[in-house]
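Residue numbering for the sequence shown follows the numbering used here, beginning at 11 and increasing consecutively. Virtual Cβ for every residue (Gly too), placed ideally from N, Cα, C. Note that the structure is a prediction, hence the values are computed from the model and not measured.
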Amino acid sequence: MLTRLFVTGTDTNIGKTVVTRALLQAFNRDGATAVGYKPIATEGYETEEGMRNRDGIILQKSSPVQFKYEEINPVIWKSSYCEENRVDFDQMKKGLNNLSNKADCVIIEGNDGWRVLLNDETFYFDWVIQEKIPVILVVGIQPGCVNHSILTSQTIINDGLQLIGWVANRINPGISHYAKIMDRLRRHINAPQLGEIPYILRPEEKDLSCYLDIFALLKQVVK
Numbered sequence: 011m012l013t014r015l016f017v018t019g020t021d022t023n024i025g026k027t028v029v030t031r032a033l034l035q036a037f038n039r040d041g042a043t044a045v046g047y048k049p050i051a052t053e054g055y056e057t058e059e060g061m062r063n064r065d066g067i068i069l070q071k072s073s074p075v076q077f078k079y080e081e082i083n084p085v086i087w088k089s090s091y092c093e094e095n096r097v098d099f100d101q102m103k104k105g106l107n108n109l110s111n112k113a114d115c116v117i118i119e120g121n122d123g124w125r126v127l128l129n130d131e132t133f134y135f136d137w138v139i140q141e142k143i144p145v146i147l148v149v150g151i152q153p154g155c156v157n158h159s160i161l162t163s164q165t166i167i168n169d170g171l172q173l174i175g176w177v178a179n180r181i182n183p184g185i186s187h188y189a190k191i192m193d194r195l196r197r198h199i200n201a202p203q204l205g206e207i208p209y210i211l212r213p214e215e216k217d218l219s220c221y222l223d224i225f226a227l228l229k230q231v232v233k
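Printed below as a string of structure tokens:
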């Protein structure tokens, strides 16, 4: 039974939060209770309720059940380049298990790309391997994305993880040869395409579930 998914991307700022939100909406629309999880966030800012992160707030609002913010996003750093950033894989696992006990599926949003460092020594993907979480790749359609997508997808597979699908996210409305780029991605990413999100203003305010086809995934979540 598919109860956990990890969302990674070809780069930073390519729409991982948008796709994670779309997945949450699609799963919840089709009968599975899904919740978003951002174990570690950067670019945190102070609020009256404490430290917050924009992505974490979007995931909290996109979940069908009301969770405390700290359950969705337990760790927030002001910067990913601070030497004092401490990574605790056990804490990340504890937060994941907590949400897993309350939902059919937990959709985890990663940081930056697949080989991102959380500090000077610790790679994020090591935790994903440790937990054996299936991966969904977000491809931001922009110059160079075919190369980045092929390299990233092959690396995920070579790391011993299951790449269960990928989603195209059009982040550049003016890019030329869009159809050709999509054709090459479909030919060379060794995983099924789960959706294609067009360029949309303020996607965090929209219902994006219509742009995904998660039927095959849903069969593994709800049995």
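Going by CA-CA distance only, name the one from Lys190, Leu171 and Asn129 that's closest to Glu141. Leu171
Once you ignore the five residues that flank Thr132 on each side, which residues in its own chain have a CB closer than 8 Å to its CB? Val97
For a quick check, are the C-beta atoms of Gln152 and Asn182 less than 9 Å apart? yes
Assuming Asn38 and Gly66 form a contact by the criterion Cβ under 8 Å, report the distance between their Cβ atoms to the nearest whole angstrom. Separation of the CB atoms of Asn38 and Gly66 is rounded to 18 Å, and the pair is thereby denied contact status at 8 Å.
How is Ile143 classed by DSSP in three states: helix, strand or coil? coil
In the structure shown, what three-state DSSP assignment does Val148 receive? strand
What's the call for Asn121, buried or exposed, on a 16-neighbour Cβ count within 10 Å? buried
Can you grab the Cα-Cα spacing for the pair Ser89 / Tyr134, in whole Å? Rounded to whole angstroms, the separation of the alpha carbons of Tyr134 and Ser89 is 15 Å.
Please go through the same chain and pick out, in chain order, the residues whose beta-carbon is closer than 8 Å to the beta-carbon of Leu106, but skip the five residues on each side of it. Arg14, Tyr47, Pro49, Val116, Ile118 and Glu141
State yes or no: is the C-beta of Ile207 within less than 9 Å of the C-beta of Tyr188? no
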